[in-house]
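Its first residue numbered 82, the sequence shown is counted upward by one per residue in the numbering used here.
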Amino acid sequence: MSLKLGVIGTGAIGQDHIRRCSQTLLNSQVVAVTDINLQQAAKVVSDLKLTAEVYPDGHALIKAPEVEAILVTSWGPSHEEFVLAAIAAGKPVFCEKPLAVTAEGCRKIVEAEVAHGKRLVQVGFMRPYDEGYRALKAVIDSGQIGEPLMLHCAHRNPTVGENYKTDMAITDTLIHELDVLRWLLDDDYVSVQVVFPRKSSKALAHLKDPQIVLLETAKGTRIDVEVFVNCQYGYDIQCEVVGETGIAKLPEPSQVQLRSGAKLSNAILMDWKDRFIAAYDVELQAFIDGVRAGQVGGPSAWDGFAAAVAADACIEAQNNGQIVKVALPDRPHFYG
């Protein structure tokens, strides 16, 4: 039997997830949708030829008897409300990042899930499902390069829009590294510092770009992440792990190598959706399979909380230029 899904939010990412759950993935059926713009929600149902009901709001959708699990892909500030409502209803919920817009909101979700007594929440951090990151983690876990000593990372976008602000380099961009590097190293952050190199002339007047984020983990690994959101040339994700006896590097996306016009070249992707499209498929299939098996896995509410705590420290470091401690409480035994 297919898992019957309700989707809250039919913007770009919501539409992508509805399409993949309806047309690409196995054992799932979208039976309910809603959005702050109900006309748009109805149009998505019509365009994708779904047999799905349009509900007046997220709470009505969560309570609907036919909805077995929920995808939250709405505006970020609404995530906390709907995830808490799903937990209260005892229904599994996949929530796109951010889990909540504040660490305090994430903490409330963690407490609600622990009180429920069973994992219901999977957070939409897709990178642990990326084939390249999984291969890199396998090398680290094998001990082939010894213990990780340093990581050199980069998160580069060709351009960003007028609404992108300096703190969004943390909350919208670096947040993916904050999650995936914890997973990669099986370690937590203890301090962070943010430094600003010479500003790019391509950056908007109100935006400090690029930035370098320096992280220290509990085991003593040092990490530097370059965040450069106006690099112009493409969407480029880099991660190099320097170990005691070797170096492992995140593989480049597979592209055809071209010899033409006296040049040897490889194309560089321009869009994050193209870079991680396969990972989105894998993460949502994992959610569907987990719910059907009675056990939600993947990035947890605790992982969402840990990323939010680290992000808050990064924003503080942006503003004061100091080394800021990351004050993450002990992880509940509930999360292993």
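Here a beta-carbon is modelled for each residue, glycine too, at the ideal position from N, C-alpha and C.
Query, Result
"Determine, using beta carbons only, whether Gly205 and Lys178 come nearer to each other than 8 Å.", "yes"
"Go to Ser346, then tell me how far its beta strand (DSSP E) extends in each direction, as first and last residue.", "344-347"
"Determine the direct distance from the alpha carbon of Lys130 to that of Arg208, and round the result to whole angstroms.", "30 Å"
"Based on DSSP bridge pairs, tell me the residues matched to Arg303.", "Met231, Glu297"
"So which of Lys289, Val276, Ala286, Asp411 has the shortest CA-CA distance to Ala398?", "Val276"
"Would you decide whether Trp383 is buried or exposed? Buried here means 16 or more other CB atoms lie within 10 Å of its CB.", "buried"
"Answer with buried or exposed for Glu149, where buried requires no fewer than 16 other C-beta atoms within 10 angstroms of its C-beta.", "buried"
"Exposed or buried, what is Ile404 when buried is set at 16 or more other beta-carbons lying within 10 Å of its beta-carbon?", "exposed"
"Among Asp362, Ala184, Pro380, which one has its Cα closest to the Cα of Leu201?", "Pro380"
"If I'm right that Cys320 touches Arg237 with Cβ under 8 Å, what's the distance once you round it to whole angstroms?", "So it is not a contact: roughly 12 Å between Cβ atoms."
"Mapping the DSSP letters down to three states, classify Ile318 as helix, strand or coil.", "strand"
"In whole angstroms, what separates the C-alpha of Ala184 from that of Asp393?", "7 Å"
"How many angstroms separate the CA atom of Gly371 from the CA atom of Leu285?", "43 Å"
"Tell me whether Tyr314 is buried or exposed, calling it buried when 16 or more other Cβ atoms sit within 10 Å of its Cβ.", "exposed"
"Measuring straight from C-alpha to C-alpha, what distance separates Leu230 and Ile328?", "10 Å"
"How big is the Cα-Cα spacing for Ala348 and Pro158?", "36 Å"
"Count the other C-beta atoms from every protein chain shown that fall within 10 angstroms of the C-beta of Ser335, then say buried if there are 16 or more, exposed otherwise.", "exposed"
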